[in-house]
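*Asks:*
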Amino acid sequence: MLVARSIALFIVAALFEIGGAWLVWQGVRENKGWIWIGAGVIALGLYGFVATLQSDGNFGRILAAYGGIFVAGSIAWGMVADGYRPDRYDITGAVICLIGMGVLMYAPRGH
796 MLVARSIALF IVAALFEIGG AWLVWQGVRE NKGWIWIGAG VIALGLYGFV
846 ATLQSDGNFG RILAAYGGIF VAGSIAWGMV ADGYRPDRYD ITGAVICLIG
896 MGVLMYAPRG H
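If you want it as structure tokens, here you go:
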């Protein structure tokens, strides 16, 4: 159950961080304005909060593992929100990152 909760928290964190960054991008690069930028900043703050809810207390491990989720999630977000079409190297890189995330977070440890 802890692994499922952890994965769910990583997914929620990804939605806030990637979504927040995308909103800021839209506000600045696509000239959608300050409301989009403000919403992005709020979402990015919520990402920081959600990251603290992981049961593991090691900041470095959590953020490093989250990096794998961020890579794969960013590709998925780009596909859905912007019509991005990843190539086989994008997919391969994302899978490698997710494997690394799994090793960082869920490898059996002796403590």
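Using my numbering, the first residue of the sequence shown is number 796, and each one after it goes up by one.
In this text, a Cβ means the ideal position worked out from N, Cα and C, and glycines have one as well.
Please report the Cβ distance between residue 863 and residue 888, rounded to the nearest whole angstrom; I am assuming they are in contact, meaning their Cβ atoms lie under 8 Å.
*Replies:* In fact, because the Cβ distance is near 10 Å, the residues do not count as touching under 8 Å.
*Asks:* Helix, strand or coil for residue 796? Go by DSSP, reduced to three states.
*Replies:* It is coil, neither helix nor strand.
*Asks:* Compute the Euclidean distance between the alpha carbons of residue 865 and residue 825, then round it to the nearest angstrom.
*Replies:* When rounded, the distance between both Cα atoms is 22 Å.
*Asks:* Do residue 846 and residue 816 count as a contact pair if the criterion is CB distance below 8 Å?
*Replies:* Taking 8 Å as the Cβ cut-off, residue 816 and residue 846 do not qualify as a contacting pair.
*Asks:* Within its chain, find whatever has a CB closer than 6 Å to the CB of residue 832; leave out the 5 residues flanking it on each side and keep chain order.
*Replies:* If we look at residue 832 and ignore the five residues flanking it on each side, its Cβ neighbours are 819 and 822.
*Asks:* Looking only at C-alpha atoms, which of 881, 882, 856 and 827 sits nearest to residue 902?
*Replies:* The shortest C-alpha separation from residue 902 is found at 856.
*Asks:* Which residue comes first and which comes last in the alpha helix (DSSP H) that contains residue 885?
*Replies:* Residue 885 -> alpha helix (DSSP H) spans 883-901.
*Asks:* Along the chain, which unbroken stretches of the alpha helix (DSSP H) at least 4 residues long are found entirely within the stretch 807-881?
*Replies:* Counting only runs of 4 or more, we get 829-846 and 854-877.
*Asks:* Taking all protein chains shown into account, do 16 or more other C-beta atoms lie within 10 angstroms of the C-beta of residue 899, making it buried, or fewer, making it exposed?
*Replies:* By the neighbour-count rule (16 or more Cβ atoms within 10 Å), residue 899 is buried.
*Asks:* Residue 874 to residue 886, Cα distance in whole Å?
*Replies:* Taking the straight line joining both Cα atoms gives about 12 Å.
*Asks:* For residue 867, I'd like the list of residues in its chain whose CB is within less than 7 Å of its CB, leaving aside the five on either flank, ordered along the chain.
*Replies:* These residues qualify, in order along the chain: 889, 892 and 893.
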